[in-house]
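There are 2 protein chains.
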Amino acid sequence: MTGLVPAGPDLLDRLRSALGPEALRPPEPRYLEEPRGRFAGAAAAVLLPRSTAEVAEAVRLCAAARVGIVPYAGGTGLVGGQLATAGPLPVVLSVERMTRIRDLDLVDGVLIAEAGCVLADVQAAARAAGRLFPLSLASEGSARIGGLLATNAGGITVLRYGNTRDLCLGIEAVLADGTVIEELRRVRKDNMGYDLRHLLIGSEGTLGLITAASLRLFPAPAETATAWVAVTSPTAALDLLATLREELGAAISAFELMHVQGLAFVAEALPQVPLPPDAPADWRVLVEAGDAAGAHVGDRLEAGLGRALDSGLAADALIAQSEAQRAVFWGVREAIPEANRRIGAISSHDIALPPSRLAEFLARGGALLAGVDAGLRVNCFGHLGDGNLHYNVFPPAGQGRAAFDAVRGAVTEAVHDLAHALGGSIAAEHGLGRLKTADLERYADPGKLAAMRAIKRALDPAGILNPGAVLARW
Amino acid sequence: MTGLVPAGPDLLDRLRSALGPEALRPPEPRYLEEPRGRFAGAAAAVLLPRSTAEVAEAVRLCAAARVGIVPYAGGTGLVGGQLATAGPLPVVLSVERMTRIRDLDLVDGVLIAEAGCVLADVQAAARAAGRLFPLSLASEGSARIGGLLATNAGGITVLRYGNTRDLCLGIEAVLADGTVIEELRRVRKDNMGYDLRHLLIGSEGTLGLITAASLRLFPAPAETATAWVAVTSPTAALDLLATLREELGAAISAFELMHVQGLAFVAEALPQVPLPPDAPADWRVLVEAGDAAGAHVGDRLEAGLGRALDSGLAADALIAQSEAQRAVFWGVREAIPEANRRIGAISSHDIALPPSRLAEFLARGGALLAGVDAGLRVNCFGHLGDGNLHYNVFPPAGQGRAAFDAVRGAVTEAVHDLAHALGGSIAAEHGLGRLKTADLERYADPGKLAAMRAIKRALDPAGILNPGAVLARW
Numbered sequence: 000m001t002g003l004v005p006a007g008p009d010l011l012d013r014l015r016s017a018l019g020p021e022a023l024r025p026p027e028p029r030y031l032e033e034p035r036g037r038f039a040g041a042a043a044a045v046l047l048p049r050s051t052a053e054v055a056e057a058v059r060l061c062a063a064a065r066v067g068i069v070p071y072a073g074g075t076g077l078v079g080g081q082l083a084t085a086g087p088l089p090v091v092l093s094v095e096r097m098t099r100i101r102d103l104d105l106v107d108g109v110l111i112a113e114a115g116c117v118l119a120d121v122q123a124a125a126r127a128a129g130r131l132f133p134l135s136l137a138s139e140g141s142a143r144i145g146g147l148l149a150t151n152a153g154g155i156t157v158l159r160y161g162n163t164r165d166l167c168l169g170i171e172a173v174l175a176d177g178t179v180i181e182e183l184r185r186v187r188k189d190n191m192g193y194d195l196r197h198l199l200i201g202s203e204g205t206l207g208l209i210t211a212a213s214l215r216l217f218p219a220p221a222e223t224a225t226a227w228v229a230v231t232s233p234t235a236a237l238d239l240l241a242t243l244r245e246e247l248g249a250a251i252s253a254f255e256l257m258h259v260q261g262l263a264f265v266a267e268a269l270p271q272v273p274l275p276p277d278a279p280a281d282w283r284v285l286v287e288a289g290d291a292a293g294a295h296v297g298d299r300l301e302a303g304l305g306r307a308l309d310s311g312l313a314a315d316a317l318i319a320q321s322e323a324q325r326a327v328f329w330g331v332r333e334a335i336p337e338a339n340r341r342i343g344a345i346s347s348h349d350i351a352l353p354p355s356r357l358a359e360f361l362a363r364g365g366a367l368l369a370g371v372d373a374g375l376r377v378n379c380f381g382h383l384g385d386g387n388l389h390y391n392v393f394p395p396a397g398q399g400r401a402a403f404d405a406v407r408g409a410v411t412e413a414v415h416d417l418a419h420a421l422g423g424s425i426a427a428e429h430g431l432g433r434l435k436t437a438d439l440e441r442y443a444d445p446g447k448l449a450a451m452r453a454i455k456r457a458l459d460p461a462g463i464l465n466p467g468a469v470l471a472r473w
Numbered sequence: 000m001t002g003l004v005p006a007g008p009d010l011l012d013r014l015r016s017a018l019g020p021e022a023l024r025p026p027e028p029r030y031l032e033e034p035r036g037r038f039a040g041a042a043a044a045v046l047l048p049r050s051t052a053e054v055a056e057a058v059r060l061c062a063a064a065r066v067g068i069v070p071y072a073g074g075t076g077l078v079g080g081q082l083a084t085a086g087p088l089p090v091v092l093s094v095e096r097m098t099r100i101r102d103l104d105l106v107d108g109v110l111i112a113e114a115g116c117v118l119a120d121v122q123a124a125a126r127a128a129g130r131l132f133p134l135s136l137a138s139e140g141s142a143r144i145g146g147l148l149a150t151n152a153g154g155i156t157v158l159r160y161g162n163t164r165d166l167c168l169g170i171e172a173v174l175a176d177g178t179v180i181e182e183l184r185r186v187r188k189d190n191m192g193y194d195l196r197h198l199l200i201g202s203e204g205t206l207g208l209i210t211a212a213s214l215r216l217f218p219a220p221a222e223t224a225t226a227w228v229a230v231t232s233p234t235a236a237l238d239l240l241a242t243l244r245e246e247l248g249a250a251i252s253a254f255e256l257m258h259v260q261g262l263a264f265v266a267e268a269l270p271q272v273p274l275p276p277d278a279p280a281d282w283r284v285l286v287e288a289g290d291a292a293g294a295h296v297g298d299r300l301e302a303g304l305g306r307a308l309d310s311g312l313a314a315d316a317l318i319a320q321s322e323a324q325r326a327v328f329w330g331v332r333e334a335i336p337e338a339n340r341r342i343g344a345i346s347s348h349d350i351a352l353p354p355s356r357l358a359e360f361l362a363r364g365g366a367l368l369a370g371v372d373a374g375l376r377v378n379c380f381g382h383l384g385d386g387n388l389h390y391n392v393f394p395p396a397g398q399g400r401a402a403f404d405a406v407r408g409a410v411t412e413a414v415h416d417l418a419h420a421l422g423g424s425i426a427a428e429h430g431l432g433r434l435k436t437a438d439l440e441r442y443a444d445p446g447k448l449a450a451m452r453a454i455k456r457a458l459d460p461a462g463i464l465n466p467g468a469v470l471a472r473w
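Quick note, the sequences are listed as chains A and B, same order. Numbered by numbering that gives the first Met the number 0, the letters in the first sequence go through residues 0 to 473 in order. Numbered by numbering that gives the first Met the number 0, the letters in the second sequence go through residues 0 to 473 in order.
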């Protein structure tokens, strides 16, 4: 990342000539902010290409001028990957005008989306064709395909369908020298050389800019069954998952864990959100299964929950009897991140743990935090089926988070150290962005880190692609 | 790949000192042959390390001496990836003494296998624990995990469970300088930097040597249903798949297509193999579905096949009524590659096509071959659910393949050109090895090829890892 220069008027003139005057705008505030308000970005201009060819031309011009490019999709990232906070003034390249669904083929089971397509629009297009595009997460109404791929986003259906990378058969991308790679494959088996698709996915725009992707479509489940279950511990929740798997096999699509602290935050911060009846246990699981009509997922979910209640694994269980009741269950789950935001966390953690280490993590994590302040509150929720928890730490009731600014770093480090020691990931589904570049240096395997740097030098020697994200130095 | 030197006695002495005398052997013929007998390899010695540390030490010594290393796992590869046919005399590094299953954790759903584990042993270990490791292919009795990952092998369950890469949560690997990367993750969500796992998987040992992997385990289906269906065309087979998906959702684990030419080859070359009753159509499908007991996959398969028979989509259908009958169906499918070998193909093709282009491929492919010789026979079979076909061309009945040596190259090129033109892959599940390095140059996206070369230079600048495989030059 040496040798970059600030974007100057000459480059902006060249970009304007190449892409047209409407493709270059001053940076509105929304391009320089992020949802949690922890970073403030800077940019000389926002580029709004309409096509892959225009992206390539913009990259070529920036490469020639040695100016950094910050890729911008939905702007929903939580780790500052989408805004430059330091370094020579870059340009932002937004894919918001590249929103075409280029194809949807039912025989191939493929939808080809440009990077600017909003996830909800892709879901809707699949649904209209009688298929399912399963990726689903809180920001689906604004997150865009390019950003979802760049961060390899997770969400609530990973248990069954995998991460975003697993839903992508091929990509079209622009490399750091403006070369376009056109690999919008429609086949599930392809071993024609190194898998650049998987290398670019999850690289957060630092190795190439994904401009379009061929995405996998799935049969839409004809029948869905949803339940809200009270359990006494995460270990009980894992046992419940094992029991339900015996009944439901691969039909379980979501298995979300919530601590009652999260329900209390929703009640406090979002009182208009209806809550299911209370139950005598500290944890809740939202489980959903779906399959073809003949698979009787409703009966099987009921049978599994019956076994769990009989054996004492579950303290209480409600199966949604209507779409409205299902919406109540999901509404609570979806309200938790917003409630967290309103309560105001000291420190948020996007971690994944081997399920076998989960109980140990929670016990030791609780002890660590008690050592900082006995009143600290934890709202732990997440995608238990994947071992992915959002372990968010809040000030004692009645206190603001500002009072804890001094310990935030120590809290974050202690939680991350613990997760790492237990074989977990400290960047499960949100990416590294600019928030966790030091964490990468601290926790990554040194050989892997060295290889990452060598790859970055090989594919982006001038360092123009999303400078400062993922790798702070290389 | 410049600057390599032949393995000389000094290096062999150093390797013997470091790894012990029993870890260095003269190359027996089996290390220098491959199943189809198209390549003959050469090597100064075979190294047999017992541990990752010994692999790393061997790599460091070879790197210092600038001697190539040809990694060897099960030796079942069909594209010559496992033997050196040209260049300075290398050493072979076999993982056959690294066969430990380091862990099997039911809560995490993970099995950690060393690279030398034979696939059948991993399957058996999973089965003994009440789980399924779904990877399954013809050579599973001898193929080893390291080679399966290096080639990202496919097989018969990709439709449901994905390719080998999709079954791997993490790897341990040795890079070209002897660095060990220890990333045996047990979590499904991890975005700690670039995905080296996916980069090394499928790189055929040219970027690093995978020494162990954490593999995903799945619930073992309690009930399995298997059918043998006669259909009139591959298009009808695709329609049958769509119909069965409506009934069976995600429960379909295999959907294998066979032309009756393959059955005739089995009858001719392997007359001891029992065949199901004949049926009035040119194509057969072997379909299998599995799920939990309450999912009634047998009933649903019957319902789907009933619909297919009623609508004329299927000409005939047999559901296996016993494990013995299921074994007959699978026995035919599994005998086809061996029958092919005995008949003697002119040219074999491991291609994948977008399902929507399949009929066009077969029509145009047939016309192309008729232009060479009207008597040529095609045995087309494969994993239709993935679009992966083995399209193998045989001499006219009564003629040997030697008579067609002169046209082999033209036949291969015509078939590959056609598959590529239709958006297909010419290296679907067997890899590139040394057989298809020119194909890579011919068919790969030029930008991708340049990026591959840059990555190779970055990670293995001296070119010691599997020289001559995948990239002939870089």
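The beta-carbon is built from N, C-alpha and C at its ideal position, and this holds for glycine as well. These numbers were taken from a predicted model, which means no experiment stands behind them.
Residue(s) in a DSSP beta bridge with residue i
i: Val69/B; result: Val91/B
i: Pro218/B; result: Arg130/B
i: Phe393/B; result: Arg376/B
i: Gly289/A; result: Thr223/A
i: Ser213/A; result: Ile111/A and Gly169/A
i: Glu255/A; result: Leu285/A and His382/A
i: Val228/B; result: Val284/B and Ala316/B
Where residue i falls: helix, strand or coil (DSSP)
i: Val410/A; result: helix
i: Gly146/B; result: helix
i: Asn387/A; result: strand
i: Glu182/B; result: strand
i: Arg24/B; result: strand
Straight-line gap, residue i to residue j (C-alpha atoms, nearest Å)
i: Tyr390/B; j: Thr411/B; result: 10 Å
i: Arg159/B; j: Tyr442/A; result: 34 Å
i: Leu274/B; j: Gly153/B; result: 26 Å
i: Pro26/A; j: Ile454/A; result: 31 Å
i: Gly19/A; j: Lys447/A; result: 42 Å
i: Leu439/B; j: Thr234/B; result: 29 Å
i: Ala302/A; j: Gly289/A; result: 15 Å
i: Pro460/B; j: Arg59/B; result: 14 Å
i: Val186/A; j: Asp309/A; result: 46 Å
i: Gly67/A; j: Val469/A; result: 14 Å
Any chain B beta carbon closer than 7 Å to residue i
i: Val193/A; result: Val is not the amino acid found at residue 193/A; the sequence shown has Tyr there. Interface residue, yes.
i: Ser33/A; result: What sits at residue 33/A in the sequence shown is Glu, not Ser. Answer no: the Cβ-Cβ gap between Glu33/A and chain B never drops below 7 Å.
i: Arg143/A; result: no
i: Arg187/A; result: yes
i: Glu182/A; result: yes
Test: residue i CB closer than 7 Å to a CB of chain A
i: Leu18/B; result: no
i: Arg29/B; result: no
i: Asp104/B; result: yes
i: Thr225/B; result: no
i: Pro218/B; result: yes
i: Glu412/B; result: no
i: Met257/B; result: no
i: Asn190/B; result: yes
Checklist entry - Which of the residues in the segment 454 to 470 of chain B, read from start to end, lie with their CB under 7 Å from any CB of chain A? => result Ile454, Arg456, Ala457, Leu458 and Val469
Next on the checklist: Closer than 7 Å between beta carbons: that is the criterion. Which residues of the segment 324 to 356 of chain B meet it against chain A?
Outcome noted: Ala351, Leu352, Pro353, Pro354 and Ser355
Item to check | Residues from the segment 45 to 76 of chain A in contact with chain B, defined by Cβ distance under 8 Å | outcome: none
Checklist entry - For the segment 421 to 450 of chain B, which residues have a beta carbon sitting closer than 9 Å to at least one beta carbon of chain A? => result Gly422, Gly423, Ser424, Ile425, Ala426, Ala427, Glu428, His429, Gly430, Leu431, Lys435, Asp438, Leu439, Tyr442, Ala443, Asp444, Pro445, Gly446, Lys447, Leu448, Ala449 and Ala450
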